[in-house]
Amino acid sequence: MSVSTSPATGSETAAETGAGTAAAAAAPAAVVAMPFAKALNAGLRAAMAADDHVLMMGEDIGKLGGVFRVTEGLQAEFGDRRVLDTPLAESGIVGTAIGLAMAGFRPVVEIQFDGFVFPAFDQITTQLAKLTNRLEGAASFPVVIRIPYGGHIGAIEHHQESPETYFAHTPGLRVVSPSTPNDAYWMIQDAIASNDPVIFLEPKAKYWLKGEVDTAERSLPLHASRIVRRGTDVTLVGHGAMVSTLLQAAALAESEGTSCEVVDLRSLSPIDYGPILDSVRRTGRMVYAQEAPGNVSVGSEVAATVMERAFFALESPVIRVSGFDVPFPPAKLEGTYLPDADRILEAVDRALAY
Amino acid sequence: MSVSTSPATGSETAAETGAGTAAAAAAPAAVVAMPFAKALNAGLRAAMAADDHVLMMGEDIGKLGGVFRVTEGLQAEFGDRRVLDTPLAESGIVGTAIGLAMAGFRPVVEIQFDGFVFPAFDQITTQLAKLTNRLEGAASFPVVIRIPYGGHIGAIEHHQESPETYFAHTPGLRVVSPSTPNDAYWMIQDAIASNDPVIFLEPKAKYWLKGEVDTAERSLPLHASRIVRRGTDVTLVGHGAMVSTLLQAAALAESEGTSCEVVDLRSLSPIDYGPILDSVRRTGRMVYAQEAPGNVSVGSEVAATVMERAFFALESPVIRVSGFDVPFPPAKLEGTYLPDADRILEAVDRALAY
Amino acid sequence: MTPPDDPALVRVLASDGTFAPTPEAERFLPLIEALTDADLETFYRDMVTVRAFDRQATNLQRQGQLALWPPSFGQEAAQVGSVRATRPQDHIFPSYREHVVATTRGVDPIDILRVMRGLTHGGWDPTDPKNGNTHIYTLVLGSQTLHATGYGMGLVFDGRCGTGDPERDTAVIVYYGDGASSQGDVHEAMVFANTYQTPEVFFLQNNQWAISVPVATQSRAPLHQRAAGYGMPSTLVDGNDVLASYAVSKLALDEARAGEGPRAIEAETYRMGAHTTSDDPTKYRTSDEEQSWARRDPVARMRAYLEGRGASAAFFEGVDAEAAAYADDVRVRTNELGGLEASTMFAHVYSDPHPLMAEQQRWLADYEASFEGGAA
Amino acid sequence: MTPPDDPALVRVLASDGTFAPTPEAERFLPLIEALTDADLETFYRDMVTVRAFDRQATNLQRQGQLALWPPSFGQEAAQVGSVRATRPQDHIFPSYREHVVATTRGVDPIDILRVMRGLTHGGWDPTDPKNGNTHIYTLVLGSQTLHATGYGMGLVFDGRCGTGDPERDTAVIVYYGDGASSQGDVHEAMVFANTYQTPEVFFLQNNQWAISVPVATQSRAPLHQRAAGYGMPSTLVDGNDVLASYAVSKLALDEARAGEGPRAIEAETYRMGAHTTSDDPTKYRTSDEEQSWARRDPVARMRAYLEGRGASAAFFEGVDAEAAAYADDVRVRTNELGGLEASTMFAHVYSDPHPLMAEQQRWLADYEASFEGGAA
Ligand SMILES: Cc1ncc(C[n+]2csc(CCOP(=O)(O)OP(=O)(O)O)c2C)c(N)n1
Ligand SMILES: Cc1ncc(C[n+]2csc(CCOP(=O)(O)OP(=O)(O)O)c2C)c(N)n1
Ligand SMILES: [Mg+2]
Ligand SMILES: [Mg+2]
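Protein chains in written order, with my numbering: chain P, 249 to 602; chain W, 249 to 602; chain F, -3 to 372; chain V, -3 to 372.
Okay, structure coming up:
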């Protein structure tokens, strides 16, 4: 079991702005404020500049720069052989990305929205995830699949889902999700540098979130979780857009006299349990929040594992706050569907009541 | 929370043979011994005879009767308009089954092997699972997807997997798995009678298992779990082929002085927690066994929920015994990969050591 | 992106509205000659009305009344022509831009707006006769082609086509785009349709673009040529010519209904507006191109044709007034739309009772009640 | 199920081995004339050798040495002809019955058997030069067509085709079956291949059956006609005629390598054996049909042709002896195959270190050690 690899930042705004205190302390920082989507763009550009076999594939990522403009300007800069507007077929995109990886490329695939990854599911699970193993290590498949995911944007069906469970359950895949511009900038580069397939989940609600990016030095390895707020009574854990909701809940709880520690999971597979267990051993209570339906989910895994490994330290069971076990509802109900600070506080209360 | 709907049989052989004591007591039984696959065949035949809009679709299910002969004789009996050897395309099969359901049919789809369900994944998750909800109840989608699953048959890749997690996580689907011929006979009919899509997981290792089938009366509703062996020290829970492994482990444990209760989950979504919680409250310890990789799995959910709901009753955390978090290995290693009675006993020992 | 000049093209009306059938159009002329003046006026009225609605919806989105609007602007002739060729018993499987199709079959435009406002994922009940067997929109591109094919298989198995009774024989028509044509599901749908000889028309609206991607990226060969590979007859039609679009659809649907198997149509048209209200087409296409297609505007073309046949100014004024009233009514009713009960989230996930739904609905109700009591 | 008589068919050798080119074969004759006697003998030797291996493997399965065997029996000419038309730098993407292809490119037959014995999912290392750029078998039908297309895209992007240098220009050839042709992935592969003009040959072995399902269920139209819909030239060849199979593959590969874009070939052949050793073809096909195809046996046909050209009895005896020795060697080496270390399960799930793998491997080692100590 690993131990936390990062110092906690001790403040929710630092986490929100993404200023890594560790990095800031260690090296002369080149800190620039930029929105999350721009940080991704900068990270992609850096990766493309560093290796001419890094290549982008997807629908509308070229001239248009992607529907969220994450790839804006990349085709103009690197040409249409490196930033491909592909035919409209997700299985085709992932399947040919696999072939390109066999030919020595490092493809970065954009899936336009969470709900449209499923036509590619066979190529992802039976091929991409398994080929290195099938080949007994003779080849690597450094393919990154970028998926804008999650709710909060009031969009129509298939545009607000959180499909991480499907990928986190699949051996051979790595699954990560940044929650700040700084993490976006570094994690996308680390994902591209990984020799394994990485499902890269971009919390689309955060694309417009501004924060400081330290372009000189990464603060944490790709698969580390991070304590983003210190607290003593309850540990709150989540990833992606939920991290800011957890921080909000922690701030509210503080005003009511409850001290919450907040952990940003960052990596959903593998999960870095060190900081979480360390935290739970101190607080004795934990709440897990996620947008995805709760039944058989990443939250189930974290809850089961934490209860298994910190059994005697727990004063209450791990309480999960999740999307309900229904399809993501019409946008007018997303406020009810998505866990918010109030629902997290209700769970905190339940945990404290044990 | 429901309470156990079934009396325990009190013996592992009864569970293995599938003789429901409840049913046997209640009605004049028409009990016939037959193998699991034949019981499915009889159940399918009964459903087709009862409703002429029940229709079978799949690859090689007609003249050949399916690679496991589960549909043997049905095409000869009902004709090739009701037992369709379709073109070789799983998305096509499920997608057209959806259209057939819209036209008033109740399609029963056979996926040839677990590993080949993924090309149909988009139609299953974004369409089949969601259409009733999307249509606000204006139409039902009574489609059954039969999938032979699991290991123990020494087969090549894609032929031994346990994909239940993907389906159990998906709102709108029901997921069940019989473990005895009697359950096979009744559960397939109940699945076809369900107005919702049902993923029907057939533990292929059990196709040749003989057992008694009471064709007169069902013993349990489709979604009930069942205590198949009484015990006092540890509760063992699992589904499909694992049930007999659990019973084996329980028998071995008994000889070492440990009394294990065994619960057959039968339904993986929804899960009938009543009998499980009831049992755990008596034993204080639980081991969950499954063939699927453990990370983010049905076992994670059951463990997390049981620990949440029976927190104070537990003397030890729920211990999970799963397939490793690797692709199902080459057949020569399946004995190591698949949980067996020894691995379950090791977990029982760990639970007892708390 | 130049106007289609494939020799296979069926066109009846030139861009300026003159009656100038292409050679391929000859065999369809009897179907067009059979149309009454009232039919022609209906075609025109349909197009103008839904265009006004479409413009209204775009405005409503700008005013924050809708989350999104995918305009049908420019594709009216393809849609009116094909849908007016259907019979009442036929089943319609749209993609998500078929506003003209849906409303012409009876769907209340408000029901489409409710989807785009985030009030429902479906919008209307395809089993309610008032909706003319129009199935709901499908957003996962191409997946509806398999549903349509399955429905068609059901028609075959139930003997609901090919009996020779035109009142009873039923067809399905499925709409999809040039982008969607690349999806594996469209291929599998064509495979199944031809194997089971479904009474089905695959209606491809090639509007030249899939968001920012030109059709040339999907295929270097004309898309209508794909059908032959499955053994299925196909027709290329000028989708901005409502008469041609009607005639080719009518023949294909009649043949399908009669049990002759599936048919394919590629309608060359143009998305004159943005992909959706979130889109900015200036990023990827030239105004030259847009203008060249504006000259082929399907509504103007039909108007010129009707004018040539002597339709009165009063007629056109009347249609415009009706369309304006229709669009006004949509605006008024949109503003009146209410909210959504949270409990609806759980109501239809399953058709049969489900313990998790009951439990979570109860939890949510209790939770919400706890606020009303002033707690938390 | 009658022998192919499509006018598009390319055939050079009649069933009885006489040289009788069909009209469509005329343009391929120079390629055949360029073959030396040694080439012809090699073709024959390849077919006979791998047939002996294939029979051996079937026996090994019956003896319990293999979990399963999918015989290539009957498809030797399609496979030898196409693979002998490749160049060393080309990349080969088989499905799972391409034993002749794989071994001809250098794959050790034992490596195929290791897959079927349950010792490995892959079997050989495609990056090891000795395996002739033969990628591993793919069991999820059709999915390899996208991998091949992606590889072809990589060749285009890296300028590894169309340079005019035959020693450097590289093509890919991908094998798939009549059943697999229905999969959406095959469609998407053709879409991408044509969009990116990959140097690729889609080689369809239509062996008339997908397990128990006849090709007529996959398509009422001849499958080779699909290619035209994508704008891709295609050729129908008698797949039981090794010369024709070689010639059409050679031309298609040369054109692909030269940068002229993808090509499709449908080889009409027949699975003379069972689908796999688990299958019982008597359940679904007639012995009449089997016999009619036995008369078109590709090996007998080539033998008759070589005899007609004066090949000696000694030559045939030599080939048979070589083949028998090859098959014997396979048997001996199969019997020598060892077991598998449990730890290999964790070794290659990821390329980079992974904490869960380390943890579970450690757990398993400790657990297994606990038995050795006599515990538990
Ligand atoms: C499977 C899938 N992938 C991606 C999308 C996102 N998307 C919505 S519309 C669209 C373009 C569709 O183009 P086309 O099929 O030509 O239809 P058009 O918009 O032109 O009517 C895309 C990529 C989607 N809805 N479904
Ligand atoms: C996606 C998928 N579905 C089903 C199967 C099971 N299966 C294995 S081979 C086969 C038939 C394949 O037929 P064809 O493509 O004609 O190849 P052939 O066996 O004739 O060489 C089937 C259905 C599979 N391997 N993959
Ligand atoms: Mg389009
Ligand atoms: Mg075949």
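We put the CB at the ideal spot given by N, CA and C, even for glycine. If you're wondering where the values come from, they're calculated on a predicted model, not measured in any experiment.
Of the other Cβ atoms in all chains shown, 16 or more fall within 10 Å of the Cβ of Gly269(F); this residue is therefore buried. Considering only beta carbons, the part of the stretch 376 to 387 of chain W lying closer than 8 Å to chain F consists of Lys378, Thr380, Asn381, Arg382, Leu383, Glu384, Gly385, Ala386 and Ala387, in chain order. The straight-line gap separating the alpha-carbon atoms of Asp588(P) and Tyr363(F) is approximately 13 Å.
Distances between the C-beta of Trp289(F) and the heavy atoms of ligand 3 are all 7 Å or more. Two segments are said to touch when three or more pairs of C-beta atoms, one from each, lie closer than 8 Å; by this definition the stretch 44 to 55 of chain F touches the stretch 97 to 108 of chain F.
Contact annotation, Ala501(W) with Gly532(W): C-beta distance approximately 15 Å; criterion of less than 8 Å not satisfied. Not one heavy atom of ligand 3 is found less than 7 Å from the C-beta of Trp359(V).
Lys286(P): member of the alpha helix (DSSP H) spanning Phe284 to Ala298, first to last residue. For Gln71(F), there are no neighbours in chain P by C-beta distance under 8 Å, as the nearest C-beta there is about 18 Å away.
In the DSSP assignment, Asp512(W) falls within the unbroken beta strand (DSSP E) covering Cys508 to Asp512.
Per DSSP, Asn127(V) lies in no alpha helix (DSSP H) segment and is marked neither H nor E. When His344(V), Thr265(V), Glu20(V) and Arg327(V) are compared, the shortest CA-CA separation from Trp289(V) is found for Thr265(V). With contacts defined as CB atoms closer than 8 Å, Leu312(W) and Tyr171(V) fail to qualify as a contacting pair. The C-beta of Met149(F) comes closer than 8 Å to at least one C-beta of chain W. A residue is called buried when at least 16 other Cβ atoms come within 10 angstroms of its Cβ; Thr334(W) meets this threshold and is buried. In the displayed model, Leu516(W) falls within a strand according to three-state DSSP. Any Cβ of chain P closer than 8 Å to the Cβ of Phe153(V) would place that residue at the interface, and such an atom is present. Note on the stretch 284 to 331 of chain F: whole alpha helix (DSSP H) runs with a minimum of 4 residues are 294 to 304 and 309 to 331, in chain order. Not flagged as an interface residue toward chain P: Val197(V), since no C-beta distance is shorter than 8 Å. Residues of chain P whose Cβ lies closer than 7 Å to the Cβ of Tyr280(F) are, in chain order, Lys311 and Leu312. Chain V places a beta carbon closer than 8 Å to that of Arg329(P), counting this residue as a contact.
Spatial neighbours of Glu320(W) in its own chain (CB-CB distance under 8 Å, excluding positions within 5 residues in sequence) are listed in chain order as Asn289, Gly313 and Gly314.
One alpha carbon belongs to Gln61(V), the other to Gly180(F), and they sit about 39 Å apart. Taking C-beta atoms under 8 Å as the contact rule, His400(P) and Glu594(P) fail to qualify, at a distance of about 19 Å.
Within its own chain, the residues whose Cβ lies closer than 6 Å to the Cβ of Met296(W), once the five positions on either side in sequence are excluded, are Val302 and Phe326, listed in chain order. For Asp444(P), a Cβ of chain V is located within less than 8 Å of the residue's own Cβ. Per DSSP, Tyr602(W) is not a residue of any beta strand (DSSP E), being assigned neither H nor E.
DSSP places Asp250(F) in the helix class (H, G or I) of the three-state scheme.
Looking at the backbone, the Cα of Glu262(V) and that of Thr373(W) are separated by about 35 Å.
Asp154(F) is the residue among Asp104(F), Pro19(F), Asp154(F) and Leu109(F) whose C-alpha sits nearest the C-alpha of Leu348(W). Using a 10 angstroms sphere on the CB of Glu337(F), the tally of other CB atoms stays under 16, which defines it as exposed. In the three-state scheme derived from DSSP, where H, G and I count as helix and E and B as strand, Tyr171(F) is classed as strand.
For Ala263(F), DSSP records a beta bridge to Gln201(F) and Val233(F). Judged by DSSP secondary structure, Thr483(W) falls within the beta strand (DSSP E) whose first and last residues are Val482 to Gly486. Linking Thr428(P) to Val491(P) through their CA atoms gives a straight-line distance of about 9 Å. For Asp35(V), the enclosing alpha helix (DSSP H) stretches over residues Asp33 to Arg58.
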